[in-house]
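Novice: Using UniProt numbering, the first residue of the sequence shown is number 1, and each one after it goes up by one.
From the three backbone atoms N, C-alpha and C, an ideal C-beta is built for every residue, glycine too.
The structure presented is a predicted model; accordingly, all values stated were derived computationally and were not measured.
Sharing a structure, written as structure tokens. Questions coming.
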Amino acid sequence: MSITRQPLVEQVIEHLRQQVQAQVYPVGSRLPPEPQLMAQLGVGRSTVREAIRALAHEGLLEVRQGDGTYVRAAVTTEPLAARLRQAKVQEVHEVRRALELEVVALAAERRSADDLTMIRHWLAVRTTALANGDTTAALNADIELHCAIAGATQNAMLRDLYRIFAVTLRDALGVLWDVTAPARDDHSHADLVAAIEAGDAETAIAVTRQILARHEATIYRYGAEEAHRQEAER
Numbered sequence: 001m002s003i004t005r006q007p008l009v010e011q012v013i014e015h016l017r018q019q020v021q022a023q024v025y026p027v028g029s030r031l032p033p034e035p036q037l038m039a040q041l042g043v044g045r046s047t048v049r050e051a052i053r054a055l056a057h058e059g060l061l062e063v064r065q066g067d068g069t070y071v072r073a074a075v076t077t078e079p080l081a082a083r084l085r086q087a088k089v090q091e092v093h094e095v096r097r098a099l100e101l102e103v104v105a106l107a108a109e110r111r112s113a114d115d116l117t118m119i120r121h122w123l124a125v126r127t128t129a130l131a132n133g134d135t136t137a138a139l140n141a142d143i144e145l146h147c148a149i150a151g152a153t154q155n156a157m158l159r160d161l162y163r164i165f166a167v168t169l170r171d172a173l174g175v176l177w178d179v180t181a182p183a184r185d186d187h188s189h190a191d192l193v194a195a196i197e198a199g200d201a202e203t204a205i206a207v208t209r210q211i212l213a214r215h216e217a218t219i220y221r222y223g224a225e226e227a228h229r230q231e232a233e234r
């Protein structure tokens, strides 16, 4: 295959990405050497190297000095991360709801003693930060608490997906916490942790629904206030 359209580097990146996703080069396999890729794509060495460097930065490929370039993952997370950064607060909440309900149910069924230790730790940090009026520390602890719960699912993909999502979630919650009193749902988080500890998936889901319902009400209130503010500025 010869690639002639500009820009060359982007064309090579997209071609290699498609080859990996189509499992022409499965995860764990080694890409052909540079001379072979240059001949296949009809481009120079610097273009091939730049494309490989970009895909390695995305996490799709791994360059091993003296051993070649290997496929590290079938799907890059960078487009997802970029898309999440542009998401609206309501969109973030809807994705969170879909994730959280499954996460807490699996965590209640699969949590280990080490998982519970980590979950309790972040709950305590969150509670202390709220009591001290330290909203930033409380928000960070809140995110870490939910990431620890995701880790308790024993599902590496779900854990990693939640960790990626947590970056956007932190920004969205930061907006919400500016217009609400997070301390009021602290007992709900304690109830959630207790349900997970007891292995009670049904209660964990019910408590999570309550937490999310309060956040949803805040989102609608925030949206209405923001719309009113923008209207007043016109």
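If we call anything under 7 Å between Cβ atoms a contact, is Leu212 one with Arg97?
Specialist: The answer is yes: Cβ separation under 7 Å.
Novice: Could you tell me the distance, in whole angstroms, from the CA atom of Arg30 to the CA atom of Glu91?
Specialist: Straight-line Cα distance between these residues: approximately 38 Å.
Novice: Taking 7 Å as the cut-off, decide whether the C-beta atoms of Val193 and Ile119 are in contact.
Specialist: Yes, the pair counts as a contact, with Cβ atoms nearer than the cut-off.
Novice: DSSP three-state call for Leu139: helix, strand or coil?
Specialist: DSSP places Leu139 in helix when its eight states are reduced to three.
Novice: Could you give the DSSP three-state label for Leu61: helix, strand or coil?
Specialist: Three-state DSSP puts Leu61 in a strand.
Novice: DSSP three-state call for Val43: helix, strand or coil?
Specialist: It is coil, neither helix nor strand.
Novice: Are the C-beta atoms of Ala22 and some chain D residue less than 7 Å apart?
Specialist: This model lacks chain D altogether, as it is built from one protein chain only.
Novice: Whose C-beta lies closer than 6 Å to the C-beta of Phe165 among residues of the same chain, with five residues either side of it excluded?
Specialist: The answer is none, since no qualifying residue turns up.
Novice: Do you know how far the Cα of Glu10 is from the Cα of Leu60?
Specialist: C-alpha separation (whole angstroms): 15 Å.
Novice: Taking DSSP's pairing of strands, which residues face Val71 in a bridge?
Specialist: BP columns for Val71 point to Leu61.
Novice: In three-state DSSP terms, what is Arg111?
Specialist: Coil.
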